[in-house]
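Numbering (the working numbering), first residue to last: 6 to 125.
Right, dumping it as structure tokens:
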């Protein structure tokens with residue numbers, strides 16, 4: 006898997022959303038470890054370990070981790086990334102999906118992905 010392959014697979018619009026998520030909500034290695042842990046956890050562990058960081062919006066089905074601009078969830082195979090600001094104002098499609106393996110790759114290659122999307 007490469008950055009270029011992910012951009013080609015998802016196209017410009019979703020790749021820009023993914024890069025924005027990485028920029029806005031993934032700061033340092035502690036954030037990366039926290040997000041990876043959340044995505045890998047089962048629902049019980051998510052509630053116990055991440056309870057104070059969960060999105061409490063009742064209109065959603067699932068357990069979402071709150072971020073600065075985005076909320077994310079995982080069903081074990083797919084990661085759901087929702088731009089809460091875009092959703093609130095209806096300015097653009099708010100939800101994007103990537104596989105769990107792709108999200109781990111993006112987290113591990115955050116700077117490279119952001120740079121690639123910005124330059125291409």
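Ideal Cβ placement from N, Cα and C applies to all residues, glycine included.
Other residues of its chain near residue i: CB distance less than 6 angstroms, five sequence neighbours each side excluded
i, result
"residue 12", "20"
"residue 108", "84"
Status (buried if at least 16 other CB within 10 Å, exposed otherwise) for residue i
i, result
"residue 82", "exposed"
"residue 78", "buried"
"residue 122", "buried"
"residue 72", "buried"
"residue 24", "buried"
Nearest-angstrom beta carbon gap, residue j and residue i [assumed within contact, 8 angstroms]
i, j, result
"residue 85", "residue 110", "About 17 angstroms separates the two Cβ atoms, so there is no contact after all."
C-alpha gap between residue i and residue j, whole angstroms
i, j, result
"residue 33", "residue 64", "30 angstroms"
"residue 50", "residue 59", "12 angstroms"
"residue 56", "residue 94", "27 angstroms"
"residue 15", "residue 52", "31 angstroms"
"residue 119", "residue 43", "22 angstroms"
"residue 8", "residue 17", "12 angstroms"
"residue 54", "residue 29", "23 angstroms"
"residue 3", "residue 124", "Any answer about residue 3 is impossible in this case: the structure gives the chain only from 6 up to 125."
"residue 47", "residue 69", "12 angstroms"
Beta-carbon proximity list for residue i, same chain, < 8 angstroms, skipping 5 on both sides
i, result
"residue 115", "27, 31 and 37"
"residue 41", "109 and 112"
"residue 6", "106, 107 and 110"
"residue 67", "78, 80 and 85"
"residue 104", "82, 83 and 84"
Contacts around residue i, its chain only, beta-carbon distance under 7 angstroms, and the 5 residues preceding and following it disregarded
i, result
"residue 88", "22, 74, 75 and 99"
**Secondary structure, beta strand (DSSP E): runs of 3+ residues fully inside the stretch 46–89** = Fully enclosed beta strand (DSSP E) runs of 3 or longer: 75–79 and 83–88.
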